[in-house]
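Undergrad: Chains as they are written, first to last, in the numbering used here: chain A, 1 to 274; chain B, 1001 to 1282.
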Ligand SMILES: Nc1ncnc2c1ncn2[C@@H]1O[C@H](COP(=O)(O)OP(=O)(O)OP(=O)(O)O)[C@@H](O)[C@H]1O
Ligand SMILES: Nc1ncnc2c1ncn2[C@@H]1O[C@H](COP(=O)(O)OP(=O)(O)OP(=O)(O)O)[C@@H](O)[C@H]1O
Ligand SMILES: [Mg+2]
Ligand SMILES: [Mg+2]
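1) Would the segment 1168-1178 of chain B count as touching the segment 1192-1204 of chain B if we require 3 or more Cβ pairs under 8 Å?
2) Do you know offhand how far residue 1194(B)'s Cα is from residue 1154(B)'s?
3) Measure the C-alpha to C-alpha separation of residue 1216(B) and residue 1083(B) and round it to an integer number of angstroms.
4) On the DSSP letters alone, give me the boundaries of the beta strand (DSSP E) that residue 215(A) sits inside.
5) At least one CB of chain B closer than 7 Å to the CB of residue 93(A): is that the case?
6) Just to confirm, does residue 260(A) get its C-beta within under 6 Å of one of the non-hydrogen atoms of ligand 4?
7) Listing by chain order, which chain B residues have their CB less than 8 Å from the CB of residue 262(A)?
8) What are the boundary residues of the beta strand (DSSP E) that residue 1063(B) is part of?
9) Report the rounded CA-to-CA distance for residue 1081(B) versus residue 1074(B), giving the unit in angstroms.
10) Between residue 1004(B) and residue 1053(B), what straight-line distance do the alpha-carbon atoms span, to the nearest angstrom?
11) Applying a beta-carbon distance threshold of less than 7 Å, which residues of chain A neighbour residue 1271(B)?
12) Counting only C-beta atoms, is residue 246(A) closer than 7 Å to chain B at any point?
13) State the Cα-Cα distance for the pair residue 1116(B) and residue 1131(B), rounded to the nearest angstrom.
14) Check whether the Cβ of residue 1040(B) lies closer than 6 Å to any heavy atom of ligand 1, and answer yes or no.
15) Measure the alpha-carbon distance for residue 1065(B) versus residue 1038(B) and round it to whole angstroms.
16) Quick one: which chain B residues come within Cβ less than 7 Å of residue 13(A)?
17) Report the neighbours of residue 1348(B) on chain A: residues whose CB is nearer than 7 Å to its CB, in chain order.
18) Going by DSSP in three states, residue 138(A) sits in which element: helix, strand or coil?
19) Is it the case that the CB of residue 192(A) approaches a heavy atom of ligand 3 more closely than 6 Å?
20) Within the same chain, show all residues whose beta-carbon is closer than 6 Å to that of residue 1088(B), passing over the 5 residues directly before and after it, in chain order.
21) Quick check on the burial criterion: 16 or more other C-beta atoms within 10 angstroms. Buried or exposed for residue 12(A)?
22) Identify which residue in 269(A), 165(A) and 161(A) has its Cα closest to the Cα of residue 42(A).
23) Alpha carbon to alpha carbon, what distance is there between residue 101(A) and residue 155(A)?
24) Decide yes or no for the touch test of the segment 123-134 of chain A against the segment 70-81 of chain A: beta carbon pairs closer than 8 Å, at least 3 of them.
25) Under 7 Å between beta-carbons, which chain B residues line up against residue 258(A)? List them in chain order, please.
26) Which residues are close to ligand 2, meaning CB closer than 5 Å to any heavy atom, in chain order?
27) Name the DSSP beta bridge partners of residue 209(A), please?
28) Nearer than 6 Å: is that true of the beta carbon of residue 1020(B) relative to any heavy atom of ligand 4?
29) Could you give the residue range of the alpha helix (DSSP H) that holds residue 1152(B)?
30) So residue 3(A) packs on residue 24(A), CB below 8 Å; how close in whole Å?
31) Taking the C-alpha atoms as reference points, what is the distance between residue 1091(B) and residue 1121(B)?
32) According to DSSP, residue 1009(B) sits in a beta bridge with which residue or residues?
33) Can you give me the Cβ contacts of residue 29(A) inside the same chain, cut-off strictly under 7 Å, excluding the 5 residues immediately before and after it?
34) To be precise: take each residue of the segment 176-206 of chain A, compare its Cβ to all Cβ atoms of chain B, and keep it if any distance is under 8 Å. Which residues remain?
35) Give a yes or no on whether the minimum CB-CB distance between residue 1172(B) and chain A is below 7 Å.
36) Check whether the Cβ of residue 288(A) sits closer than 6 Å to any heavy atom of ligand 4, and report yes or no.
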């Protein structure tokens, strides 16, 4: 469980990035944090594993105040993938990179090997096992960053822009994996600008704007509220845009996914025929 | 005469065991808006590095075939010469920003091009406003959020107004509304000044409508090259795993159910119009 209580955060240069954020994320939830550039999303999630400590207010992770513990202790339970993979990668090979966290947390060598193989396979990186992460493409580097955290199977995963650089297929694979993690009871927090990715999973959406939370609810509700989205600098998913343009024809307002769209359209055409 | 032309271009990075791009032969005409897409690792960034001379001048390795950009043989002209014609927004904005302030970062390229002072000020202001980063002009680039950095990186290329503008996944860090606005500006530059745009992108919902030429790569090769509507609607594009616009996808799914929409929609407006028609007629 992650709880922030009226959290304020000011960077050393004087920028006040969080202005009173109170949020409760229960075990087993799937939450997408969205909102405009500079809204404070990254700053907020860096509080979830103690990378940043609030200037005012407090953050509790499993009832422990992050001020009273260390990032090293929190990391075992809260895995964090950085927005920019280059902030995270430093080993000489992809394999070493993925094994690093596992070694750190004292996994047995035989288990390390298994987990590394599993993570390489999950993120389609097996052929790059021996390659330096710095010689990979942008999307590949992001997948190494994801693999190196998912490998140690933390109870909560916090992924800052997990779909950056991913093609459609990788993204769909990742999305299915995240959904699967969540059904196994893990807590998943993603920060993302990718409305299509969110539309396909329908998680709880927390919208941020200028250091504050401005909305909190199910994706199909938030992503179809045009006024709210504009405030948070988000464009509705393309399917929802189509139905917003057909709103005079009496379609339900919460259609965000292609298959949902097909179903309502077929039903409508069927009814007309009768 | 195309503004960019490659013939049988094959490139292998130093120390790599196989080429990252193979036998790429493409032509890009002046003033085109090109979308370059394909699976992660297929060679998009590598190909773009050939357009501004990073390959072969910065990345050594083995290059075969020819590359011509703005009438220059890229292998024979240095990066700074090519920079007069080609602006490049890197996939990772952080790798592009190094000055002490946002304003200085945008000014840097213009200074190098020898732009007169007064014009420089004007262009910087315009570019920073176009990307919504004018209020950030005195901030240090490394103290910005990911998306704010991306905005600044884009502004510095916009300010240059080069003949060819390459944007390598520019939307990945941008919030969608800002991405939409920035594309409107880029489309305008493309229309009005005839600037050639090469956009590398996985997410096509926002950008497909602007393209007049689509190139799809897979495993280092160009596999589809042509008209956006035909390519997005092709079976091959879907099989390669290209994230075709949802409007196009919806049309394909409806077709499987026997509902035929004549023209292929690639934007929400086109899809809404087509749906309205069949809903009325039925
Ligand atoms: N500096 C480098 N040295 C060696 N190999 C490299 C280097 N940069 C990229 N590669 C390899 O070349 C291939 C193409 O990479 P490139 O960066 O062009 O892909 P991309 O299509 O841009 O992918 P993405 O969508 O993930 O950014 C990949 O297999 C990658 O691992
Ligand atoms: N290291 C830093 N030093 C000073 N200010 C910072 C730093 N990092 C971010 N900021 C500022 O704090 C605010 C919040 O930034 P944050 O990175 O949390 O935004 P974000 O919502 O993640 O944005 P994006 O979508 O662009 O990633 C912004 O105004 C930003 O300029
Ligand atoms: Mg961020
Ligand atoms: Mg790339």
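Virtual Cβ for every residue (Gly too), placed ideally from N, Cα, C.
TA: According to the data block:
1) yes
2) Going by C-alpha positions, residue 1194(B) is about 18 Å away from residue 1154(B).
3) 25 Å
4) 212-218
5) no
6) no
7) 1250, 1253, 1254 and 1257
8) 1061-1069
9) The alpha-carbon atoms of residue 1081(B) and residue 1074(B) are separated by roughly 10 Å.
10) 12 Å
11) 242
12) Yes, contact with chain B.
13) Looking at the backbone, the Cα of residue 1116(B) and that of residue 1131(B) are separated by about 23 Å.
14) Residue 1040(B) Cβ: within cutoff of ligand 1.
15) Per the coordinates, the alpha-carbon of residue 1065(B) lies some 22 Å from the alpha-carbon of residue 1038(B).
16) 1143
17) With chain B represented from 1001 up to 1282, any question about residue 1348(B) goes unanswered, as that position is not in the structure.
18) Residue state, collapsed to three classes: helix.
19) No, the beta carbon of residue 192(A) sits no closer than 6 Å to any heavy atom of ligand 3.
20) 1052 and 1166
21) exposed
22) 161(A)
23) Looking at the two C-alpha atoms, the distance is approximately 15 Å.
24) Fewer than three pairs of CB atoms, one per stretch, sit closer than 8 Å, so the segment 123-134 of chain A makes no contact with the segment 70-81 of chain A.
25) Residues of chain B passing the Cβ test: 1246, 1249, 1250 and 1253.
26) Every residue passing the under-5 Å Cβ criterion appears here: 11(A), 13(A), 15(A), 17(A), 37(A), 38(A), 39(A), 40(A), 41(A), 42(A), 43(A), 1143(B), 1144(B), 1145(B), 1146(B) and 1147(B).
27) 212(A)
28) Checking the Cβ of residue 1020(B) against ligand 4 gives no.
29) 1146-1160
30) 5 Å
31) Straight-line Cα distance between these residues: approximately 27 Å.
32) 1024(B)
33) 187 and 204
34) 193, 194, 195 and 196
35) Yes - at least one Cβ of chain A is within 7 Å of the one on residue 1172(B).
36) Outside the shown range of chain A (1 to 274) lies residue 288(A), about which nothing can therefore be said.
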